[in-house]
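Per the numbering used here, residue 5 is the first one in the sequence shown, and the count goes up by one each step.
Below you'll find the structure, written out as structure tokens, and then a few comments.
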Amino acid sequence: MREFDYRRADDVPGAVALLDADPDARYLGGGTNLVDLMRTGVERPARLVDVRRLPLDRIEPTDDGGLRIGATVTNSDLAAHPEVRRRYPALTEAVLAGASGQLRNMATVGGNLLQRTRCGYFADVTKPCNKRLPGSGCPAVEGEHHNHAVLGATEHCVAVHPSDMGVALAAFDAVVSYRTADGPGESAFADFYLPVGDTPHRETALPQGALVTGITLPPVPSAARSRYRKVRERASYAFAIGSVAAALDVSNGVVREARLALGAVASRPWRAHAAERVLNGAPASADYFAAAADAELAAARPLPGNAYKVTLMRNLMVAVLSELAEEAAR
Numbered sequence: 005m006r007e008f009d010y011r012r013a014d015d016v017p018g019a020v021a022l023l024d025a026d027p028d029a030r031y032l033g034g035g036t037n038l039v040d041l042m043r044t045g046v047e048r049p050a051r052l053v054d055v056r057r058l059p060l061d062r063i064e065p066t067d068d069g070g071l072r073i074g075a076t077v078t079n080s081d082l083a084a085h086p087e088v089r090r091r092y093p094a095l096t097e098a099v100l101a102g103a104s105g106q107l108r109n110m111a112t113v114g115g116n117l118l119q120r121t122r123c124g125y126f127a128d129v130t131k132p133c134n135k136r137l138p139g140s141g142c143p144a145v146e147g148e149h150h151n152h153a154v155l156g157a158t159e160h161c162v163a164v165h166p167s168d169m170g171v172a173l174a175a176f177d178a179v180v181s182y183r184t185a186d187g188p189g190e191s192a193f194a195d196f197y198l199p200v201g202d203t204p205h206r207e208t209a210l211p212q213g214a215l216v217t218g219i220t221l222p223p224v225p226s227a228a229r230s231r232y233r234k235v236r237e238r239a240s241y242a243f244a245i246g247s248v249a250a251a252l253d254v255s256n257g258v259v260r261e262a263r264l265a266l267g268a269v270a271s272r273p274w275r276a277h278a279a280e281r282v283l284n285g286a287p288a289s290a291d292y293f294a295a296a297a298d299a300e301l302a303a304a305r306p307l308p309g310n311a312y313k314v315t316l317m318r319n320l321m322v323a324v325l326s327e328l329a330e331e332a333a334r
């Protein structure tokens with residue numbers, strides 16, 4: 005790890021000014037991802053701007069009945085908050101499914117959004133990687149890719165986004181707030197992560213130097229009956245090989261609203277719009293749940309080593325939706 009300057013920000017404008025003055029600087033929250041990448045040489049910031057003590061650590065109701073979550077709220081505090089547990093249970097389950105208790109105590113909501121992929125080629129500076137060094141190639145296409153993308157990937161990058169929390173936020177239409185030297189801004193979660201295209205090194209739509217200040221969850225009545233299910237290769241402390249965040253509003257056996265997002269299948273949390281279109285207004289039955297999964301996964305383009313994900317995700321989507329439908333029928 006090379007030497008770097010360290011500054012602790014006292015307020016949001018001061019934090020933004022410190023980063024604006026140095027394009028090689030990075031914001032530091034809990035450091036659970038950034039510090040690891042600094043140790044391996046993937047990230048080499050000249051300055052760290054510590055934002056952990058900024059007044060962004062509260063979860064508050066919004067005027068329209070949603071929730072605003074500050075960027076420095078820890079993952080542990082987010083998962084434990086009574087209104088999150090009551091109104092967005094899939095978000096609580098997603099956060100608790102990620103990392104260990106010790107890491108959740110350190111990790112921040114803003115940092116979770118901006119964590120980098122866990123692709124082995126990205127983390128190894130001796131290997132080429134278009135995400136780390138644009139134009140160098142993507143060795144995962146021909147190499148180790150069993151946990152890589154089956155949706156939305158290109159020949160330039162097949163890595164997946166590692167966030168569990170982000171999958172639930174995608175299902176609930178969260179909005180990301182940020183601050184730049186020019187003032188505050190917002191990004192709908194659907195637009196926050198950029199498609200891979202031929203520029204996989206450009207991961208988010210955040211302007212240069214922007215500081216994430218919070219996330220707003222709109223009022224989503226169906227979210228009160230929601231679930232997050234994660235499949236991983238060992239029982240705990242492992243990244244997903246597939247996950248689903250789902251909310252289902254059923255009346256008289258008919259789906260009034262379905263919300264679905266998928267994790268570990270693309271470079272960003274994947275909102276399952278095709279599946280939702282099949283489900284909304286349809287009978288809440290296993291046949292329609294399977295048809296919805298098939299509609300979403302029709303766009304899948306797996307590689308030889310990760311074709312299993314298509315079957316896994318189909319079964320996972322049907323299982324989670326079936327559980328929610330059974331719960332609604334009680």
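Beta carbons are placed, not taken as given, at the ideal position from N, Cα and C, and that holds for glycine.
From the DSSP secondary-structure annotation, give me the bridge partner or partners of C142. Partner(s): none; C142 has no beta bridge.
When the Cα of G156 is compared with those of L316, H165 and V216, which residue comes out closest? H165
Beta-carbon separation of R30 and E47 under 8 Å? yes
What would DSSP say about P93, mapped onto helix, strand or coil? helix
Under the three-state DSSP convention, the category G218 falls into: strand
Pull up the CB-CB distance for P138 and H205, whole angstroms please, since I reckon it's below 8 Å. 5 Å
What three-state label does DSSP hand L3 in the structure shown? The shown model of the chain, from 5 to 334, leaves out residue 3, and the question about it has no answer.
Taking the alpha carbon of V282 as the point to measure from, which residue in G35, R272, L32 and F293 has its own alpha carbon closest? F293
Presumed contact (8 Å Cβ cut-off) between D15 and R51, rounded CB distance: Not a contact, Cβ separation roughly 17 Å.
Can you name the start and end residues of the alpha helix (DSSP H) that P17 belongs to? V16 to D24
Beta carbon of A2, beta carbon of A251: below 8 Å? Residue numbering for the chain in the displayed model covers 5 to 334; residue 2 lies beyond these limits and cannot be assessed.
Do you know how far the Cα of L307 is from the Cα of T66? 44 Å
Look at the Cβ atom of R57, then the Cβ atom of N79, and state whether they are nearer than 8 Å. no
Could you pull the start and end residues of the beta strand (DSSP E) that S184 belongs to? Before going further, note that residue 184 is Thr rather than Ser in the sequence given. Unbroken beta strand (DSSP E) run through T184: V179 to T184.
Under 8 Å between the Cβ atoms of A244 and A174? no
Let me check one thing: in DSSP terms, what residues is E64 bridge-paired to? R72
Return the chain-ordered ranges of every alpha helix (DSSP H) run that is complete within the region 115-142 and spans a minimum of 4 residues. 124-127
From G114, A21, T96 and A111, residue whose alpha carbon lies closest to that of K234: T96
Quick one: what's R12 bridged to in DSSP? D54
For Y312, the first and last residue of its enclosing alpha helix (DSSP H): Y312 to A333
Can you tell which of D177, S140, V154 and V259 has its C-alpha closest to the C-alpha of H160? S140
Residue nearest to S191 in terms of C-alpha spacing, selected from V113, S181 and P199: S181
To which residues of the same chain is F196 closer than 7 Å at the C-beta, ignoring the five residues directly before and after it? V180, T208 and A209
Less than 8 Å between the C-beta atoms of V171 and A98, yes or no? yes
Under three-state DSSP, which class holds L307? coil
For A239, count neighbouring Cβ atoms within 10 angstroms of its own Cβ and tell me buried if that reaches 16, exposed if not. exposed
Given a cut-off of 8 Å on the beta-carbon distance, is the pair V154 and A295 in contact? no
Assuming R43 is part of the alpha helix (DSSP H), what are its boundary residues? L38 to T44
Is the beta carbon of T184 sitting closer than 8 Å to the one on V324? no
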